[in-house]
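Student: Numbering (mature numbering (1 follows the signal peptide of the UniProt record, and there is no 0)), first residue to last: 95 to 399.
Using N, Cα and C, we set each Cβ at its ideal position, and we do this for glycine too.
Predicted, not measured: the structure shown is a model, and the values here were computed from it.
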Amino acid sequence: RLEWDRYYTLADVHQFLEDQAAIHNTIASTFVVGMTYEGRNMTAIRISKSGETRPAIWIDANIHAREWITGAVCTYIIDQLLNSNETEIQSWLDDYDFYILPITNPDGYEFTHTTDRFWRKSRSHNGSPVNCMGTDLNRNFDFHWMENGGASSNPCSNTFAGTAPFSDSEAASVRDFLTSISSRLVFYLSLHSAGQYILFPTGFDATPIPQYNTYMSIGNLAAEAHGVRHGTNFTAGSVYNLMYTATGSSMDWTWSALGANLTLTYELRDKGEFGHLLPPDQIYPSATEFMDGLKVIIAELSNGI
Ligand code: 0X9
Ligand code: ZN
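#1: Would the beta-carbon of Thr359 be found less than 7 Å away from any heavy atom of the ligand 0X9?
#2: I'd like to confirm the pairing. Which residues does DSSP put opposite Trp152 in its beta bridges?
#3: Alpha carbon to alpha carbon, how far is Asp364 from Phe212? Give it in angstroms, no decimals.
#4: Can you tell me whether Ser274 is buried or exposed, with buried defined as 16 or more other CB within 10 angstroms of its CB?
#5: Grab me the residues of Gln376's own chain with a C-beta within less than 7 Å of its C-beta, minus the 5 sequence neighbours each way, in chain order.
#6: Does the distance between the C-beta of Asn232 and the nearest non-hydrogen atom of the ligand 0X9 fall short of 7 Å?
#7: Taking the alpha helix (DSSP H) that Tyr334 belongs to, which residues open and close that run?
#8: Would you kindly work out how many angstroms separate the C-alpha atoms of Asp262 and Ser218, rounded to a whole number?
#9: If you draw a straight line from the alpha carbon of Gly369 to that of Arg269, how long is it in whole angstroms?
#10: Return yes when at least one heavy atom of the ligand SAH lies under 7 Å from the C-beta of Glu97, else no.
#11: Can you tell me whether Gly366 is buried or exposed, with buried defined as 16 or more other CB within 10 angstroms of its CB?
#12: Quick check: the Cα distance between Phe294 and His118, rounded to an integer number of angstroms?
#13: Could you check where the alpha helix (DSSP H) with Ser380 kicks off and where it finishes?
#14: For Ile121, which of Asp188, Ser246, Thr326 and Leu279 has the nearest alpha-carbon?
And the structure:
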């Protein structure tokens, strides 16, 4: 079991998943979503009480390599699902099957530990100059791919969309797995940092999605809950309204192509003081305040959206 007092390497996170699956082998098992460009496993954990027939909840983190708080919070969610004695959290396992991928971009994550702490993209080489490797995996999904200036065609850009939709194996593997559970998928959650935003579709334009009011009210309820413990201020809204034009994201693709009941992207702590270098002593408070809001969201989901 991790302590959430420091940031962990890819090997540490994958070991945590294997250990938890071994300890809780009647309800948890690891699985490989796909292989990265450099040949690493995209290791995930499934948490399901006998048979995989329940409505499915997917959680991913660290699609952006440098956003270390996201994988850390994600492993804490897994820990709580498996080790918390809170009846509310335990009841989730009666109602849902969970599929959780803490490090969606293992090549990039490893690179942030070995070479460049601020690396964001994958590490694929798409015929670009050697010093400009990598695709922004959160621009590589097929939702208005490369439209409206929401991504870049320049391989040197941090928002390079890839050479085609799903040109990068990490994005294609997530697509394929989500598609395989799409008939049961009720909640897609993607963890990013930073900014303290609760984001919903779309990042394409200002047109409100049909479920805009529902998303706004769930987002506002969650934001209130996130703030109770430490006063952390989260704001809910669409990506386009709160941030900027961003096309080809995993959330928008899942929302549009798979029709999950609820699709959210979080920007976790903070609002600019430390940014990607969020001190390790903020991991535990970030994780616990996140769980407070997740309870509200799952309660709303169970009420029917
Ligand atoms: O730009 C992004 O990919 C995300 N922000 S970050 O600072 N973590 O890079 C925002 C994701 C927005 N999602 C959608 N376009 N739906
Ligand atoms: Zn991000």
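Tutor: In short, the structure shows the following:
#1: yes
#2: Tyr193 and Tyr282
#3: 16 Å
#4: exposed
#5: Arg363
#6: yes
#7: Val333 to Leu336
#8: 7 Å
#9: 29 Å
#10: The ligand SAH is not part of the structure shown, which contains the ligand 0X9 and the ligand ZN as its ligands.
#11: exposed
#12: 33 Å
#13: Ile377 to Asn397
#14: Asp188
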